Amino acid sequence: MKVMKFGGTSVGSVDRIKHVAELITQRGKNIVVLSAMSGTTNTLVEIADYLYKNNLTGARETAHNLEMKYFKVIEGLFQQNRTIKEEVVKSFQKIFSTIRSLIHDGFTARDEKIILSQGEMLSTLLMFHYLSMKRVKVGYLPALEFMKTNNDGEADTAFIAQRLKEMIEQMGDKDVYLTEGYICLNTNGDIDNLQRGGSDLTASLIGACLNLEEIEIWTDIDGMHNNDPRFVENTAPVETLNFEEAAELAYFGAKILHPTCVLPAKVNNIPVRLLNTLNPEAKGTVIYNFPPSGKIKAVAAKDNITAIKIKSGRMLLAYGFLRKVFEIFETFRTPIDMIATSEVGVSMTIDSERNLDNIVDELKKFGTVTIDRDMVIICVVGDMDWANCGFEAEALQALRDIPVRMISYGGSNYNISLLVKKEDKVKALTALSRRLFN
Ligand code: ADP
Ligand code: ASP
Ligand code: MG
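Encoded structure:
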């Protein structure tokens with residue numbers, strides 16, 4: 003048994019839902035995880051945004067437009083079967099009345115989570131009824147009955163494994179099992195989610211908890227490409243990645259894979275396959291445990307980076323300086339992505355400015371602080387063992403005409419990170435593709 007996760011674009015229209023239904027039925031008894039139809043979660047975020055701004059009319063109108071959109075989808079999927087159509091309409095009315103019941107003053111974060119969870123409920127309901135109409139025996143596994151997070155906001159894998167096994171056993175034999183991605187319950191028993199793009203994590207957790215044969219992530223492109231296809235032409239799929247390489251790429255901006263979904267698969271040694279719903283025969287990318295390949299595999303970019311430099315004479319020949327600096331980031335719960343040090347200064351990057359002012363205030367007690375905003379981390383990923391002579395030189399050669407603010411190499415055996423200005427991002431990615439892959 004495998005777990006197959008279909009992203010928003012894969013189920014983004016009537017035709018796509020029909021196509022995915024076909025694909026699911028051809029591939030045997032698996033667990034299918036669905037995202038919301040593309041655009042839906044963004045619309046739900048917009049509704050919540052109106053509510054935070056106390057614009058109830060804006061929220062109502064947006065919810066109404068979304069509802070109308072779904073009624074068209076229902077029409078397209080169930081027009082031949084009135085009984086099923088009426089049943090689906092009833093379930094949808096329930097979902098939309100839940101949304102409308104939250105359109106009131108005093109909107110809370112808890113209400114927001116409930117609203118955001120409705121997208122996956124809608125898509126899963128559509129698929130459940132569509133498959134049933136096609137006489138497929140579908141077992142519906144409500145995510146809110148097994149996907150749970152613990153006090154640290156992390157997945158409670160023991161609970162998930164136990165509940166899923168029980169639920170599947172109680173359900174008996176089915177042709178396919180279906181569940182919602184992204185949504186979960188937190189320790190308070192409230193509806194919550196696994197962060198934007200989190201359906202990948204749902205799939206990975208299910209694969210890991212049930213020790214399944216493979217985790218398949220079906221999307222709109224034939225696997226992980228060697229560069230970001232949104233910014234660079236002529237990118238090509240990478241056939242294999244190991245978990246470390248995949249984790250670096252996902253974390254540093256390769257949107258095809260959610261960064262958190264690599265770990266459960268890696269720990270349980272379950273291969274992850276990235277496949278294209280629109281071209282199911284394409285090989286895609288398989289991610290599994292294998293030794294370093296001696297190759298540079300791919301490049302990715304992470305946006306909205308801020309670089310912070312602290313320079314201090316006190317750092318010279320002193321110990322304990324870096325500890326003090328890092329403690330400030332810990333106090334303000336801000337992770338550091340890149341670091342470069344010299345004897346008199348240290349540069350670091352962060353991807354959130356939420357606590358920047360506080361961090362800078364504290365850092366100023368220890369030295370002179372400089373900030374560079376709107377930076378991008380360019381990450382070159384592959385077998386970057388230092389014995390592989392010349393790999394770092396190739397990356398740097400590619401960027402010879404671009405100002406590089408920081409370089410980080412040797413932190414792991416899998417990447418070189420380079421910090422450049424936002425306006426140089428596309429130029430840098432393109433230059434790297436030309437030099438490394440063409
Ligand atoms: P889904 O909705 O199926 O989860 P996503 O939009 O999250 O899909 O991820 C797929 C998209 O990721 C692709 O359409 C592509 O534009 C983008 N992407 C960014 N970097 C890469 C890469 N290196 N390889 C493949 N796709 C990438
Ligand atoms: N629907 C959610 C989102 O758009 C989760 C997902 O697609 O993975 O972020
Ligand atoms: Mg995604």
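Residue numbers (the numbering used here): 3 to 440. Virtual Cβ for every residue (Gly too), placed ideally from N, Cα, C. These numbers were taken from a predicted model, which means no experiment stands behind them.
Determine which residues share a DSSP beta bridge with residue i and list them.
i	result
residue 227	239
residue 69	Beta-bridge pairing links residue 69 to no other residue.
residue 275	218, 288
residue 299	In DSSP, residue 299 forms no bridge with anything.
residue 423	377
residue 92	Answer is none; residue 92 lacks a bridge partner.
residue 150	187
residue 345	In the DSSP output, where bridge partners are listed per residue, residue 345 has none listed.
residue 127	Paired residues: none, contrary to the question.
residue 182	36
residue 362	Paired residues: none, contrary to the question.
Which of the three DSSP states is assigned to residue i in this structure?
i	result
residue 195	strand
residue 110	coil
residue 306	strand
residue 417	strand
residue 80	helix
residue 409	strand
residue 262	helix
residue 189	coil
residue 233	coil
residue 340	coil
residue 315	helix
residue 331	helix
residue 140	strand
residue 105	coil
residue 163	helix
Have a look at the options and flag the residue whose alpha-carbon is nearest the alpha-carbon of residue i.
i	options	result
residue 401	411, 415, 420, 322	420
residue 238	171, 440, 386	440
residue 361	390, 329, 378, 134	329
residue 235	216, 423, 429	429
residue 286	297, 292, 294, 274	274
residue 98	85, 107, 302, 116	116
residue 224	216, 215, 214, 240	240
residue 448	278, 249, 56	The structure shown does not extend to residue 448, since the chain spans only 3 to 440, so no value can be given for it.
residue 245	288, 155, 142	288
residue 304	381, 413, 192, 190	381
residue 266	191, 163, 193, 195	163
Between residue i and chain E, is any beta-carbon pair separated by less than 9 Å?
i	result
residue 223	Note that chain E does not occur in the displayed structure, where there is just one protein chain.
Is there contact here, the segment 322-338 with the segment 254-262, by at least three beta-carbon pairs under 8 Å?
Short answer: they don't touch.
Using a Cβ distance threshold of 8 Å, determine whether the segment 158-178 contacts the segment 112-130, with at least three qualifying pairs required.
Segment contact: the segment 158-178 against the segment 112-130, fewer than three CB-CB distances shorter than 8 Å; contact not assigned.
The segment 3-23 contacting the segment 45-52, beta-carbon criterion three pairs below 8 Å:
The segment 3-23 is not in contact with the segment 45-52.
Within the chosen definition, does the segment 218-229 reach the segment 431-440 through at least 3 CB pairs nearer than 8 Å?
Contact holds: three or more Cβ-Cβ distances are below 8 Å.
Is it the case that the segment 170-187 contacts the segment 24-40, given that we only count it when at least three CB pairs across the two stretches are under 8 Å?
Flag = yes, the segment 24-40 and the segment 170-187 touch.
Say whether the segment 195-208 touches the segment 402-422, bearing in mind that this needs 3 or more beta-carbon pairs closer than 8 Å, one atom from each stretch.
Result no; under three Cβ-Cβ pairs closer than 8 Å.
Quick one: any contact between the segment 79-87 and the segment 139-158, if contact means 3 or more CB pairs under 8 Å?
Three or more Cβ pairs closer than 8 Å define a contact, and the segment 79-87 falls short of that threshold against the segment 139-158.
Indicate whether the contact test is met: 3 or more Cβ pairs, each with one atom in the segment 213-220 and one in the segment 372-391, closer than 8 Å.
Touching, no, given that fewer than three Cβ pairs across the two stretches are closer than 8 Å.
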